[in-house]
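K.L.:
Be aware that the sequence shown starts at -18, since it is given in the numbering used here, and climbs by one per residue.
Take a look at this one; I'll ask things after.
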Amino acid sequence: MVGLGPKTPRSRRGSLTDLPQSLSSQIERLEELFTVSGEKLKEITNHFVSELEKGLREENSTIPMNATWCMEFPDGNETGTFLALDMGGTNLRVCEVTLTKEKGEFDIIQSKYRMPEELKTGTADELWGYVADCLQQFIEYHHGQEQTEQLPLGFTFSYPATQEYIDHGILQRWTKGFDIDGVEGKDVVPPFEAALKERGVPIKLTALVNDTTGTMIASAYTDPLMRIGCIFGTGCNAAYMENCGSIPKLAHMNLDPDLPMAINCEYGAFDSEHKVLPRTPYDIIIDKESPRPDQQAFEKMIAGLYLGEIFRLVLLDLHQKPECGIFKGQDVSKLKKAYSLDSGFLAAIEEDPFENLSETQDLFQNTLSIACTKPELELIRRLAELIGTRAARLSACGVAAICKKKGWTTCHVGADGSVFNKYPHFKVRGAEALKEILDWPEDKGKGKGDPVELFPAEDGSGVGAALIAALTLKRVDVGQNAGIRDPEAMKLAAQAVRAFNSKK
Ligand code: BGC
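See the structure below:
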């Protein structure tokens, strides 16, 4: 209903009238480059739908549409204690999640470990060694050294992986700036398990989970209308529940066509052949200079890792353009450092409540040692608005495409990630774009009560991963072994969970 949701943010376009001609013509140019019309959003979404379908049909298509072997929604009655590990970009989180007897409830204890920046470009041994060390510390701290029975683990590994089984995953490619040699193209589970074994850590990996699938399942634990799980964070992606009969590339497995199958779309890769997304020269530089050029084209225009970098590249370009020359005569060496501005920097600019943009001025002074003039501040604010709005509007295309593909006119979407949770106006701008793409009537849209509505998700990489581990063991118990590599070993794991819980 109009009026209940948050209001569409007021843009500062009106404050731009007194700018010098050189700056106002640059702003016009940027507006042209970064504005995506409703018509264009529809065109992108239509192409998106056909790419999602292609991914379900063919191996190695641009959007991988990975089958995850998570094959049901929780009903809220799952029980048991599970470990969950989340290997995110900034932190590594280990949780112990107890799904309690009360429907849809859980207890959680967790520890966070910093993910050292060097690990992202180090060696595979260092990575798995570090992850295993953290798990070992966690278990020793919470269970003491006498814990010998294997504890079941849901491992949230938020990178594209081909899964023939739920406890297996061949890394298709690193994303989000990770670049560790010798991991792509291989199953990540054996080296992870080897590192655990070496240290004698008593863990049985029960499910390898993408953060989007975890988000969808955790959100569905308490909301039966949940259909899609999305991440708008350092990277971007979504998962939804398909039925096996609509996944032609799995036809050879003769699965019951009505069985559900969670699909990790990996749609950050959308349009990596550059057919439809309106890339600016700045997007092209980001792509060329990234560790994986020509990959993750969609993600590189909208995800948190890149928003600050797009902004930095534009400002540097405007500084270097003789006809514009912002920050004249100033030392811009800090601005020259790649990836020195994150999406939080952009968020802070968009959040500056003052008419004279004094917080933005301080931010530039303190972070970049640049003193901005009033017109420059206006340009900076408008640029942040343009980049943030484009990200939210393009993000809506992925959600809309899944809905269109499935013929869903109403559903709930569980969403998580730093951009979704923290970037100002992201939700409202995204909702407005969904309304334009899906042609909702005027009295629908702009937030609360929309036919397709995004909700902040339950903890996907903790509770979601634990639930998926629980659902897997439950499936094995009743002999549904599709996507289970070693059903006997899984049965033992299920028994261990029961034994562990009976002692608690
Ligand atoms: C990864 C996905 C992940 C997304 C959000 C992307 O870079 O490829 O697996 O779901 O980031 O974390």
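Where a beta carbon is used, it is the ideal one built from N, C-alpha and C, also for glycine.
Taking three-plus beta-carbon pairs below 8 Å as touching, is the region 332 to 341 in contact with the region 254 to 269?
P.N.:
Cβ pair count under 8 Å is below three, so no.
K.L.:
Tell me whether Lys318 is buried or exposed, calling it buried when 16 or more other Cβ atoms sit within 10 Å of its Cβ.
P.N.:
When all chains shown are included, Lys318 counts as exposed.
K.L.:
Below 7 Å, is the gap between the Cβ of Tyr202 and the nearest heavy atom of the ligand BGC?
P.N.:
Outside the cutoff, so no.
K.L.:
Put Lys185 into one of helix, strand or coil per three-state DSSP.
P.N.:
Lys185 falls in the strand class under three-state DSSP.
K.L.:
From Pro(-13) to Ala377, what distance separates their C-alpha atoms?
P.N.:
Reliability of the predicted coordinates at Pro(-13) is poor, the pLDDT of 47 falling under 50, and the value obtained from them is presented with this limitation in mind. If you take the alpha carbons of Pro(-13) and Ala377, they lie about 17 Å apart.
K.L.:
Would you tell me roughly how many angstroms separate the C-alpha atoms of Cys305 and Ala396, rounded to the nearest one?
P.N.:
Cα-Cα distance, rounded: 40 Å.
K.L.:
Could you please give the first and the last residue of the uninterrupted beta strand (DSSP E) stretch that includes Met207?
P.N.:
Element bounds for Met207: 207 to 213.
K.L.:
Cβ of Gly441 versus every heavy atom of the ligand BGC: is any distance shorter than 7 Å?
P.N.:
No, the Cβ of Gly441 stays beyond 7 Å of every heavy atom of the ligand BGC.
K.L.:
For the putative contact between Ala284 and Cys246, defined by C-beta atoms under 8 Å, what is the C-beta separation to the nearest angstrom?
P.N.:
Ala284 to Cys246, Cβ: 14 Å. No contact.
K.L.:
Quick check on the burial criterion: 16 or more other C-beta atoms within 10 angstroms. Buried or exposed for Asp56?
P.N.:
When all chains shown are included, Asp56 counts as exposed.
K.L.:
Could you tell me which residues DSSP pairs with Met222 in its beta bridges?
P.N.:
DSSP, once it has assigned bridges, lists Ala243 as partnering Met222.
K.L.:
In this structure, what does DSSP give as the bridge partners for Tyr94?
P.N.:
Leu73, per the DSSP bridge assignment.
K.L.:
For Gly216, which residues in the same chain have their Cβ closer than 6 Å to its Cβ, ignoring the five residues on either side in sequence?
P.N.:
Once the five neighbours on either side are set aside, the close Cβ partners of Gly216 are Thr156, Lys157, Gly249, Glu280, Ala284.
K.L.:
For Asp323, is the beta carbon positioned less than 7 Å from some heavy atom of the ligand BGC?
P.N.:
No, the beta carbon of Asp323 sits no closer than 7 Å to any heavy atom of the ligand BGC.
K.L.:
What's the gap between the Cα of Leu132 and the Cα of Gly214?
P.N.:
If I take the Cα positions, the gap works out to 30 Å.
K.L.:
Examine chain D for any beta-carbon lying closer than 8 Å to the beta-carbon of Asp160, and answer yes or no.
P.N.:
In the structure shown, chain D cannot be found, because there is only a single protein chain.
K.L.:
When we look at the beta-carbon of Gln346 and count the other beta-carbons within 10 Å, is it buried (16 or more) or exposed?
P.N.:
Classification for Gln346: exposed.
K.L.:
Restricting to runs no shorter than 3 residues, where is the beta strand (DSSP E) found entirely within the region 392 to 432?
P.N.:
With a minimum length of 3 residues, the continuous beta strand (DSSP E) runs that stay inside the region 392 to 432 are 392 to 397.
K.L.:
So, Val493 versus Thr143, is the Cβ gap smaller than 8 Å?
P.N.:
No answer is possible for residue 493: it lies beyond the span of the chain, which begins at -18 and ends at 485.
K.L.:
Taking DSSP's pairing of strands, which residues face Met197 in a bridge?
P.N.:
Answer is none; Met197 lacks a bridge partner.
K.L.:
Taking the alpha carbon of Gly61 as the reference point, which residue from Phe87, Asn47, Gly70 has its own alpha carbon closest?
P.N.:
Comparing Cα positions, the closest option is Phe87.
K.L.:
Are the region 92 to 100 and the region 231 to 241 touching by the rule of at least three beta carbon pairs closer than 8 Å?
P.N.:
In short, these stretches do not touch, since the Cβ pair count stays below three.
K.L.:
Taking contact to mean 3 or more Cβ pairs, one atom from each stretch, closer than 8 Å, check whether the region 293 to 307 and the region 42 to 54 are in contact.
P.N.:
Too few Cβ pairs lie closer than 8 Å, so no.
K.L.:
Which partner residues of Asn47 appear in the DSSP bridge assignment?
P.N.:
Paired residue(s): Asn245.
K.L.:
Would you call the region 27 to 46 in contact with the region 366 to 385, where contact means no fewer than 3 C-beta pairs closer than 8 Å?
P.N.:
Yes, the region 27 to 46 is in contact with the region 366 to 385.
K.L.:
Helix, strand or coil: how does DSSP classify Cys217 here?
P.N.:
Three-state result, Cys217: strand.
K.L.:
Look at the Cβ atom of Ile209, then the Cβ atom of Val380, and state whether they are nearer than 8 Å.
P.N.:
In contact: Ile209 and Val380 (Cβ atoms closer than 8 Å).
K.L.:
Please classify Met234: is it buried, with 16 or more other beta-carbons within 10 angstroms of its beta-carbon, or exposed?
P.N.:
Answer is exposed; the Cβ neighbour count stays below 16.
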